[in-house]
Every structure is written in structure tokens, then in C-alpha cells.
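Chains as they are written, first to last, in the numbering used here: chain A, 1 to 362; chain B, 1 to 170.
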């Protein structure tokens, strides 16, 4: 792996300066709430059956401050390993990674402190957005290994936005289409593997197996709107009354959630989350009908705003992990590790134990 | 949520056989499939020439895959002693996780590993479960996406027809 692919940072201070190639996430309007909440998230990883050299990679909060999130530092217990903080320059994906010598007991503990505040964009009022680097925006228009932008994808996106005159209308049309077409169809068979084209060709819209925010990003890019998944984890319960859209109690080990943003020339990066609208339909209080007031409220809110009981890690795709001998990862939202025997399964409790906890500190 | 899950399972049980869609293929050699099995042995689909092979791509996190597997076990049991094999290919997971899943689900099907998901890409398995029927000459003859009952109805008839093509097949 070319070390030039990563900027290496020393010390425990996370980068807050602008990074070349990374796109800032400035919003045109003031946030939906001016109150900043401060959290700490602690990830503890243990590789229980090491073999040869062991490496562990953990995502850190966004490496650039935004209107909805500010990083306040990362620190770690290295467990005898050599720890490095790194940033992938194209997407600004930040991580802390550690290398453990053969015969050691690989345990890495990372604590990240950050502040969040709810964010909303008034799409009826064009804002003054800062100029964005066209090359940086171009990164979020590209197809990826799992998100082709032609064929069935383009056919679908074109049909969805037909009649839309502005970028806002296109972005909203795609959002509404996903919300309208995501009900679990009992005739739907199988699961997707992250291949959005296959998902579209086989109409894999419903159930746990659908990745609806990736679908949103793909369709938006196919229509020339820069868009990106924002990978993160829920860190607290929802103050808006949605049990399905938060994680109270502190244990957030399985609370990972990916949201999405779409870039509009008039408003900058706009937060969206059609997948969470579906989650409300499927899971809130045993399931709700699409015309339930709670669903309608979520549907309205989640085009243009986010409740920030959630930590944003990064927006990177198809990442090469530093010094890894394995393949690229589609995204870095879960802890990753490998030993001399190869990449470990993030979901394999026998070999790869990790816990993630969150607490609000201010 | 429990009612929803029960309804979904009931619909699967009722609808699977009726809605099975096997896509026929013509004149296409099956892609290469050379991997390791759960015991670390090198395995090659070509070594199964002369037999009809059902190749099934799956993952432990795929509920439809889990629901379908017992039907593949039943098919394998029905075909015992005949020129028929089942190969399941796990999509991208570690052996320890697979073994735990097989033990918990009481599945005894052969499992080949596809840790880098390259075989899934070679076979265009963009969703799971994805199942292929390869004839005794190594040609891809049918594919099916999604769960179905392989031990009855049309899928069983198709397997029998492929076996009937083998000279002196029982």
C-alpha cells in the first residue's frame, strides 16, 4: 500500500484544518438547534486468536468540522501496539490503526470526543454557500465498485426525475420515490449484497436487506447531483419520540447507521435519510402505516434535516486500509482487523470482540 | 414485529414453490470455481464433471438463504446415490462464523469459501441466495435469484431432467 495514499498524523489531536481534496460540509442556513451536545464514544477491540502480525483499524469522527459536528480529540490505549492516526485524502476518512507484533495480545481502545447539534436546511430559501472545489465535488459524482451509474440505474433515475426543473426538485423526487416504494413486498425474494444495480434490476426495495441510502446516493449521482453516504453510529435516544431512530442506554455496539447527503448548488450539502423513514414504518411501536402522523412527520423532516443523536465518521468508499494485506473495504463504519491468516469478519464474535459505548458529557 | 415476521414466513412457505423462477441458460460454460472448503482443502468445480451440480451462494446474515437451506438439504437427500452434488459458496465470511451458523441451524451441506467475493463476481451473484444448476458437461443451465423450495415442484423437475440427460443416469 502506498504510504502516500494516507496522510500520517502524530499525536492525539485530530485534524481540524482543511484537507486537500476533502469537501467541507457547510450548510447554507443556521442549524435547527443552536445547542451543542458533547459526547464521548469509546471503542474497545480485542482480537482473541491472533496469528502473526495483527492490525486493527477504527474510524474516527469527521476530520473536518461541519455545522452539525465538531471533533474534540481522539485518544487511545495502545495495548502494546504501535498506533498511527491517518486520513485518506480523497474523502477525508479518518482512522486510528494499530499494529501488534506476533505473540502479543491485540487490544486497542479508542475514545473520541465530539460535539453535535441538530441541523436543518430551509430549502425554500436559497442560501449563500461557500465555493466548493469542483475536483472535490467530482469525487461524489463518480461510480463506485458497488454503485454503477448507467444501465438500469440511469433508466430508473431518469424516470424518477422526469418533469423536475431544479436540483432541489430532482433531489426531492428521488427521496420521495424511495420512501414511496420501500414497503416490504412479500413477493420480494432474496437480499442485496450492496450491488445497487442488482438491487434495482430485482426490485430489492424492502426488508432488512435493502440499502436505501446507498440507493439514494446512486440515483442522485446518476442525475448529476453530487451525493454521498455518511457512515456513522447512533449515540443516544431520539428526543423527538422515535424509539426506532435512537439508541439509548450507552451500548452502541450494533447501532451503526449510514445517512446520506446531496449537494445542491443553491444550498450546499443537504442532509437526507429516506432509510430512516422506512425504519419508522417497519419498527416504530410494532410497525406503522405510511399515512401515520409519526411517519408523515419523519418523512417531512428527513429531507433536509438530521437530529444529531448520531456520530458521523466519514464519507469514504472503496478504501485501502493502511498496510493491509487484504482487499479494499467498501466503507469504514465497523472496526476492521486482520491477522497473519487474513482479514477478520467484523461480525465474528469468536475471533473479533469489540464493544462501543457512548456517553453524553455536556 | 413478531406478527410481521410470522406473516412473512407464512407467505414464504406458501408462495415459494408457486413463484419459483428458474432462468434457463444456453451454451454457456459455467464460470470457474476453484476455492477452499471449510477444512482448508482446495476444491474445484471441474472435479465434479459428470454430475449435475447445484451451486448456491449464501451468507449467514441473509435470512432468505437460511430459510432456503433446508430445502437444499432435502433435495440432496432425495438425490443420494445419484449423479448429483450440492456446492454452497459462502459470501465473504470467516470460517468460524460459518461453522457456528451451520451448527446452530443444523445444516450439513458442503461449504466452499469465497472470502474475497471474487467467485460471486465471476458468477454475477449480485444478490443472495443465488443458485445455479450446472449440467454434467459443466455447462450453466439454470439460475435462480431468491429463496425457493428446491426439493419439490419445478426445481425438482428441472434437476431430474438434467439428470436424465446423463447417459445411463439412474
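Beta carbons: idealized from backbone N, C-alpha and C, even for Gly. Only a predicted model underlies this, so the values are computations on that prediction, with no experimental measurement involved.
Against chain B, the CB of residue 359 of chain A has no partner CB under 8 Å away; the residue lies outside that interface. Contact between the segment 190-206 of chain A and the segment 237-251 of chain A is not established, with fewer than three Cβ pairs separated by less than 8 Å. By alpha-carbon distance to residue 48 of chain B, the top candidate from B/158, B/160, B/32 and B/100 is B/32. Straight-line measurement puts the Cα of residue 140 of chain B at about 26 Å from the Cα of residue 145 of chain A. Within the segment 211-288 of chain A, the runs of alpha helix (DSSP H) at least 4 residues long that lie entirely inside it are, in chain order, 212-222 and 274-283. Excluding the 5 residues flanking it on each side, residue 240 of chain A has same chain C-beta neighbours closer than 7 Å at 307, in chain order. At a cut-off of 8 Å, the C-beta of residue 97 of chain B has a neighbouring C-beta in chain A.
Taking 8 Å as the cut-off between beta carbons, the residues of the segment 139-152 of chain B near chain A are 145, 146, 147 and 148, in sequence order. The straight-line gap separating the alpha-carbon atoms of residue 147 of chain A and residue 213 of chain A is approximately 12 Å. Annotation: the continuous alpha helix (DSSP H) that includes residue 101 of chain B extends over 95-105. Around the C-beta of residue 316 of chain A, 16 or more other C-beta atoms lie within 10 Å, and the residue is accordingly described as buried. Contact annotation: residue 274 of chain A and residue 354 of chain A have beta-carbon atoms that are not nearer than 8 Å.
Counting along the chain, residue 85 of chain A sits inside the beta strand (DSSP E) bounded by residues 82-88. Secondary structure note for residue 59 of chain B: it is in no alpha helix (DSSP H), with a DSSP letter that is neither H nor E. Apart from the 5 residues on each side of it in sequence, residue 45 of chain A sits with its Cβ closer than 6 Å to the Cβ of 56, 108, 335 and 354 in its chain, given in chain order.
What residue 345 of chain A touches in chain B, judged by beta-carbon distance under 7 Å, is 93, 94 and 97, going in chain order. Judged by DSSP in its simplified three-state form, residue 110 of chain A adopts strand.
Non-local beta-carbon contacts of residue 156 of chain A in its own chain, meaning distances under 6 Å to residues more than five positions away in sequence, involve 200 in chain order. Residue 289 of chain A sits away from residue 280 of chain A, with the two beta carbons spaced by 8 Å or more. Judged by DSSP secondary structure, residue 76 of chain A falls within the beta strand (DSSP E) whose first and last residues are 69-77.
Rounded to the nearest whole angstrom, the C-alpha separation of residue 122 of chain B and residue 30 of chain B is 10 Å. The DSSP-derived three-state label of residue 36 of chain A is coil. Under the three-state reduction of DSSP output, residue 161 of chain B falls in the helix class.
Contact check between the segment 108-118 of chain A and the segment 158-169 of chain A: fewer than three CB pairs, one atom from each, fall below 8 Å, which does not count as touching. In this structure, DSSP gives residue 356 of chain A an extended state, which the three-state scheme calls strand.
Between the alpha carbons of residue 309 of chain A and residue 257 of chain A lies a gap of roughly 11 Å. Annotation: residue 307 of chain A is outside any beta strand (DSSP E) and is labelled neither H nor E by DSSP. Contact between residue 338 of chain A and residue 327 of chain A does not hold, since the beta-carbon distance rounds to 10 Å and is not under 8 Å. The count of Cβ pairs closer than 8 Å, one atom from the segment 127-137 of chain B and one from the segment 57-76 of chain B, reaches three, so the stretches are in contact.
Residues of chain A with a Cβ closer than 9 Å to the Cβ of residue 129 of chain B are, in chain order, 189, 190 and 191. Annotated three-state conformation of residue 51 of chain B is coil, per DSSP.
Neighbours of residue 116 of chain B in chain A, taken as residues at a C-beta separation under 7 Å, are given in chain order as 327. Along the segment 123-187 of chain A, the alpha helix (DSSP H) occurs as fully enclosed runs of 4 or more residues at 134-139, 152-161 and 167-180, listed in sequence order. The beta carbon of residue 85 of chain B is closer than 6 Å to those of 48, 51 and 53 in its chain, skipping five residues each way along the sequence.
Per the C-alpha coordinates, the member of A/69, A/99, A/303 and A/119 positioned closest to residue 52 of chain A is A/99.
Residue 74 of chain B sits in a helix when the DSSP states are folded into three classes.
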